[in-house]
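Notes to accompany the following structure.
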Amino acid sequence: MWCFPCMQCQTAKDYGWCCCMPVLDICGIISCVLRSNIRERHGIPGSGWDDCLKTMCCYPCVWCQMNRELKIRARTQSGTAVVTTQVGRA
140 MWCFPCMQCQ TAKDYGWCCC MPVLDICGII SCVLRSNIRE RHGIPGSGWD DCLKTMCCYP
200 CVWCQMNREL KIRARTQSGT AVVTTQVGRA
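Mapping of the sequence shown onto the working numbering: position 73 corresponds to residue 212, and the numbering continues sequentially without gaps.
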């Protein structure tokens, strides 16, 4: 059984934050900061404005995307090669 709050806590923990940070996510501020930090750490193109806009428009999707990105990065570091491509707009 899947639990969204549990996934949020696991994502924060996997990033290196306290697993209770998502509980403090008032108005999506923590989500915006975490998304920006993940993007910057891994060299993913985007902006802080874009991160906050996406968080406000589709909060659950943003968390699922962050969780997936951290899982992929963890697998890549453990030796299994995973290639991801982000399509940018011209």
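C-beta: ideal position from N, C-alpha, C; glycine also.
For this session: Rounded to whole angstroms, what's the CA-CA distance from Trp188 to Met140? Just pull it up for me.
Result: 34 Å
For this session: Pull up the distance between the alpha-carbon of Pro199 and that of Arg180, whole angstroms please.
Result: 21 Å
Problem set entry | Trp156 (DSSP reduced to helix, strand or coil) | coil
Exercise. Thr150 to Leu163, Cα distance in whole Å?
Worked result: 14 Å
Exercise. What's the C-alpha gap between Ile169 and Lys193?
Worked result: 13 Å
Exercise. What is the DSSP secondary structure of Gly187, reduced to helix, strand or coil?
Worked result: helix
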